[in-house]
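Quick note, the sequences are listed as chains R and L, same order. Residues in the first sequence are numbered from 2 upward in steps of one, following our numbering. Residues in the second sequence are numbered from 61 upward in steps of one, following our numbering. Here a beta-carbon is modelled for each residue, glycine too, at the ideal position from N, C-alpha and C. Data block below; observations after.
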Amino acid sequence: MAYEKSIMDKVREIAQDCQGGHMSFCNARCPMHTDATRYIEQIRENKLTDAVKTIREKLFLPGTLGRVCAHPCELECRRNTEYGQPISIAALKRYAADKADSEELWDITKKSSTGKKVAVIGAGPAGAQAAIDISREGHAVTIYEKLTVVGGMMRVGIPEYRLPRNLIDFEYSYLTKLGIEFKLGVEVGKDISFDELSNNYDAVVLANGAHKSFVPPVKGIEADGITNAVDFLRGVSLGENAFEVKGKVLVIGGGDVTMDCARTSVRLGAQSVTVASLECEVELPASGHEQHEARQEGVFINCGWGAEEILSEGGSVKAVVFKQCLSVFDAEGRFAPTYGEEKLTIQCDTLIFATGQMVVDAANGALDQGAGGRYIVDRNTLSTKIDNVFVAGDSAGGTIVVEAMALGRKAAISVNRLLSGVDLTKDRDFKSEYDFKSELDIPLPKDVKDTPRNYTKMLDPIERTKSFVECDLGFDESIARAESERCLKCECKECMKECIMFNDFTLYPGALFKKFLEDGDMEPIIAYSCNMCDQCTLVCPKEFKFAELFGAMRKDMVKANHGQSPMPGHKAINMHQKLGFSKLFTVRIRGGSK
Amino acid sequence: MSRKAFLPGCALPSYSPENVSQCLKYLKTKFPDLSVVQKCCGKPTSAVGQAALFSKRFAGLVEDIKFCGADEVIVACQSCMKVLKGCNDYKTTSLWELFPQIGLPPEMVGKAKDSDAVFSVQDSCSVRDYTGIHDGIRWILTELGYKYEEPERTRATTRCCGFGGMVGPANPDVAFRVMKRRVDDFKTPYIVTYCAACRQSMLKAGGKAWHILDLVFGDVVYANTAPPEDVLASPVKAWKNRYRSKSLIKKAYK
């Protein structure tokens, strides 16, 4: 039926602006949109299998990400933005995965075979995610991996003490179960040409990663005893002892990879380990817990120094002369360090540069590359100038594992569209394909208090420097439950807590009115179940006047129903009102003198 | 001084003709020129969405007020309050705001000071923004000598009794759950309302409820007193009462 324009305007406004369907802060900030709010609630209820299922709706490696995810979600956690004490979201994810993940929970359903085939270059998180999403659409996927192991940088970048290797293999076995084929130890561009892949496969996803260190051209760099983060960490991970760590180790850099090099050096028996970063201490890019754990293991972090010259003795590195760094970025945020007069010399026998990573071209120049070797792609679709080639992961500009995965998924969406003849951009919700800021604007729950964040138990620092055994022991049940209790369950369901009838008909009003718009109408019983008490409006952050709207709808429903309420039960009101206005039951008396 | 008209509404006369009649008699001692109109304000017609019919019916009530020459109406019902406020031809005052100004009948003041009943107040959700009405009800209770306490959701944040929006006849199941929830909000077994429909809702959901006028004009309520019966549940009794109220009103002017 037709409704007044003012009603339809209001319906559209609510359908659009009601916050009931807005993602929580953490969920929106996750590039993969893992529903942390939900799985934390499930952990609180001790429904760990359900929690793992929730995580696995988005992530095929819950245990891995529970350990190594840089958890941008925690930055946006309301307990962080309000009190600086975010929920330990990643650690809770790990807890659920360690306790309850099992192969029976893995969803290996896929659409029937399309006969199309796709090559993925690189078995890191981006390539794996792309492979999964393409394979489940029924396309045959083959992953070409230069290394003889799966996991990419998670395997040869992230040290084993942070991420046990058997866990990677276990979680990657999901891909095999899906029927994805691995060609390990095959380097594209050497063992097989890129053109061969792009010609023989219906589509190619290039996710070869950034496996070459960027090393600044410091004077004296040719001395012995100098290496770079990528080669160093890969060598250690694969057990190739090509580079010997000896004596005093100096690591130049300031990010998590720097900490990985420093802590790995400690474990390899370095006499001492020093980190020298360009950034000052507050600007140090490495995560807080990585810095903390490195310091616990005896790493000394010296901030605010730029390498000027490497001094050597008998051909081997002996020291590095630094100049004081005053600022790293210019006003526009570009990398443009400025230096002061002060100098510092740090002695060392081993020098490791952890100053950034670059992409080595695997496409034989077929694609354009930008800064750091990242391929030039369409940011929305990850498409390239070759129609059936897409790029994901580090190669497309992602910087952390979960971003790489989101880019893998994005590339897969494009591939799946291409292979089914759907336009790459038509009706596509790009916003949902990466992180965004939640539009939730809600008051803090009543009586909420700042409570301290729970941290996982760590192996004793002395113990952990002796081997590559995993040093984070995770949460036990009581701490995990306590931590999950802290979650503020950020969502807007304020009216749903107040209104009984809304709960009978919808998950939140925005959904109800979206459906109204789709159907062009609404069951009259909904409008006629409103008590008109305004309790919803009182708590609605948008102060939507639902009673007024339902009241207006009722008028149109009556109009369309020959002046009568469409509710059978309201027939009695007709008689009741007739009598209430009848002479028999009414009286008027003018008081006083005329 | 303004010329006033008392409008008892329809649920109150159907519930208690005695309350209407006693109230009218008392008001007349304060306002000798007082007029009276017993008629529905049309809120139910409006609530089901019969806009055209409502306009016609409401116009009739405004015409009655004009007939009385009143420039101020005193309403005992919160729906009347909101409906009548929609017309600017006269001033609308709630009976509950008026009592603190004119005082209670002197013989009623302090009559319940020995009562051991503690009431919870059910504010009508339709007047959640009318602080003067909330204050008036508490003033009356205190003046009578009754003790009362506030539920967590009270005054501006009060909860619906379940009767609002004519939901009862349309979706009785929802209406009943709303009633039950409101009764469960109260920590004391005794509830005082200032709306006859609210009182009925509370009774339906198992609460022990009195109308504020029961406390003003009726016998003192103690911890073992049973609430007045749910007259409104019986249409026959309710209409008999409405008719009786009309008769008592006419009698008061003889």
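Amino acids of chain R, ordered along the chain, whose beta-carbon sits closer than 9 Å to that of residue i
i                    : result
serine 95(L)         : Arg589, Ile590, Arg591, Gly592, Gly593
phenylalanine 127(L) : Arg589, Arg591
isoleucine 309(L)    : Val588, Ile590
C-alpha gap between residue i and residue j, whole angstroms
i                    : j                    : result
phenylalanine 545(R) : alanine 119(L)       : 30 Å
glutamine 138(L)     : alanine 16(R)        : 32 Å
isoleucine 574(R)    : alanine 130(L)       : 29 Å
lysine 213(R)        : alanine 412(R)       : 23 Å
lysine 122(R)        : glycine 315(R)       : As written in the sequence, residue 122(R) is isoleucine, which differs from the lysine given in the question. If you take the alpha carbons of isoleucine 122(R) and glycine 315(R), they lie about 43 Å apart.
alanine 298(L)       : alanine 235(L)       : 21 Å
glutamate 123(L)     : proline 569(R)       : 32 Å
asparagine 229(R)    : aspartate 36(R)      : 37 Å
threonine 376(R)     : threonine 385(R)     : The sequence given here has tyrosine at residue 376(R), not threonine. Near 8 Å, if we compare the C-alpha coordinates of threonine 385(R) and tyrosine 376(R).
asparagine 201(R)    : aspartate 395(R)     : 25 Å
aspartate 448(R)     : arginine 95(R)       : 30 Å
serine 439(R)        : glutamine 86(R)      : 19 Å
lysine 85(L)         : valine 143(L)        : 25 Å
lysine 494(R)        : glycine 21(R)        : 6 Å
proline 195(L)       : arginine 13(R)       : As written in the sequence, residue 195(L) is aspartate, which differs from the proline given in the question. Looking at the two C-alpha atoms, the distance is approximately 40 Å.
threonine 382(R)     : arginine 429(R)      : 10 Å
lysine 579(R)        : valine 276(L)        : 32 Å
serine 530(R)        : alanine 256(L)       : 21 Å
phenylalanine 61(R)  : methionine 406(R)    : 10 Å
threonine 400(R)     : asparagine 209(R)    : 13 Å
valine 108(L)        : leucine 67(L)        : 22 Å
leucine 164(R)       : arginine 188(L)      : 59 Å
aspartate 442(R)     : phenylalanine 330(R) : 33 Å
Proximity winner among the options, relative to residue i (alpha-carbon distances)
i                 : options                                    : result
histidine 577(R)  : Pro73(L), Phe66(L), Tyr206(L), Thr105(L)   : Thr105(L)
aspartate 522(R)  : Arg79(R), Ile501(R), Ala243(R), Asp557(R)  : Asp557(R)
leucine 66(R)     : Glu172(R), Gln20(R), Ile135(R), Pro218(R)  : Glu172(R)
proline 63(R)     : Val267(R), Ala131(R), Ile144(R), Leu168(R) : Leu168(R)
alanine 101(R)    : Asp196(R), Arg80(R), Gln43(R)              : Gln43(R)
arginine 198(L)   : Ala293(L), Val181(L), Ser154(L)            : Val181(L)
valine 280(L)     : Leu201(L), Asp245(L), Gly163(L)            : Leu201(L)
glutamate 75(R)   : Ile8(R), Ser278(R), Gly564(R), Phe26(R)    : Phe26(R)
methionine 359(R) : Val246(R), Ala211(R), Lys220(R)            : Ala211(R)
glycine 170(L)    : Ser154(L), Tyr206(L), Glu132(L)            : Tyr206(L)
alanine 230(L)    : Ile527(R), Asp18(R), Val276(R), Lys560(R)  : Ile527(R)
8 Å Cβ cut-off: residues of chain R touching residue i
i               : result
tyrosine 303(L) : Leu585, Phe586
glycine 222(L)  : Asn532
proline 92(L)   : Gly592, Gly593
cysteine 140(L) : Per Cβ cutoff of 8 Å: no residues; cysteine 140(L) is ~12 Å from chain R at best.
Anticipated Cβ contact below 8 Å, residue i with residue j, distance rounded
i                    : j                    : result
alanine 641(R)       : alanine 393(R)       : Chain R is shown only over 2 to 595; residue 641(R) falls outside these bounds and no answer can be derived.
asparagine 417(R)    : glutamate 138(R)     : 5 Å
threonine 452(R)     : phenylalanine 476(R) : Not quite, the Cβ-Cβ distance comes to about 16 Å (not below 8 Å), so this is no contact.
leucine 121(L)       : lysine 99(L)         : 6 Å
phenylalanine 354(R) : valine 157(R)        : Contact flag wrong, Cβ pair sits at about 17 Å.
proline 462(R)       : glutamine 297(R)     : 4 Å
Under 7 Å by beta carbon: chain R residues contacting residue i
i                : result
glutamine 98(L)  : Thr587, Val588
threonine 105(L) : Gln578
cysteine 83(L)   : Near cysteine 83(L) there are no residues of chain R at all, since even the closest Cβ is about 14 Å away, more than 7 Å.
cysteine 70(L)   : Gly581
tyrosine 313(L)  : Ile590
lysine 151(L)    : Correct list: empty, because the minimum Cβ distance to chain R is about 16 Å.
lysine 173(L)    : Neighbours of lysine 173(L) on chain R: none; closest Cβ ~34 Å, over 7 Å.
Chain L contact residues for residue i, given Cβ-Cβ distances below 7 Å
i                : result
glutamine 536(R) : Arg219, Cys220
leucine 539(R)   : Thr217
tyrosine 4(R)    : Those within 7 Å of tyrosine 4(R) in chain L number zero; the least Cβ separation is about 12 Å.
tyrosine 96(R)   : Within chain L, no residue comes near tyrosine 96(R); the closest Cβ sits about 36 Å away, beyond 7 Å.
Proximal chain L residues relative to residue i, where beta-carbon distance stays under 9 Å
i              : result
leucine 445(R) : Here the premise fails: no neighbours, minimum Cβ distance about 18 Å.
Problem - Near-chain L residues of the stretch 548–561 of chain R - C-beta to any C-beta below 9 Å - result: The stretch 548–561 of chain R vs chain L, Cβ under 9 Å: Ala548, Phe551, Gly552, Ala553, Met554, Arg555, Lys556, Asp557, Met558, Val559, Lys560.
Problem - Residues of the stretch 108–128 of chain L with Cβ closer than 8 Å to any Cβ of chain R, in chain order - result: Residues passing the 8 Å Cβ filter: Val108, Gly109, Gln110, Ala111, Ala112, Leu113, Arg117, Gly120, Asp124, Phe127, Cys128.
Practice task
Using a Cβ-Cβ cut-off of less than 7 Å, give me the residues of the stretch 509–527 of chain R that come near chain L, in sequence order.
Solution key: Against chain L - using a Cβ distance shorter than 7 Å - the residues of the stretch 509–527 of chain R are Ile526.
Problem - Near-chain R residues of the stretch 214–247 of chain L - C-beta to any C-beta below 9 Å - result: Of all residues in the stretch 214–247 of chain L, the ones placed with a Cβ closer than 9 Å to any Cβ belonging to chain R are Ala216, Thr217, Thr218, Arg219, Cys220, Cys221, Gly222, Phe223, Gly224, Gly225, Met226, Val227, Gly228, Pro229, Ala230, Asn231, Pro232, Asp233, Val234, Ala235, Arg237, Val238, Arg241, in chain order.
Problem - chain R contacts from the stretch 244–276 of chain L (Cβ-Cβ distance under 9 Å) - result: Answer in chain order: no residues at all.
Handout entry: Residues in the stretch 482–508 of chain R having any Cβ partner in chain L nearer than 7 Å
Key = Taken in chain order, the members of the stretch 482–508 of chain R whose beta-carbon sits within less than 7 Å of a beta-carbon on chain L are Ile501, Met502, Asp505.
Practice task
Please list the residues of the stretch 564–575 of chain R that have a C-beta atom closer than 7 Å to any C-beta atom in chain L, keeping them in chain order.
Solution key: Here the close residues are Gly564, Ser566, Met568, Gly570, His571, Ala573, Ile574.
Exercise for the section: Select from the stretch 411–425 of chain R all residues with a C-beta closer than 7 Å to any C-beta belonging to chain L, and list them in chain order. Expected result: Cβ contacts with chain L come from no residue of the stretch 411–425 of chain R.
Handout entry: Selection of the stretch 288–299 of chain L by Cβ proximity to chain R, strictly under 9 Å
Key = Within the stretch 288–299 of chain L, the qualifying residues are Pro295, Trp299.
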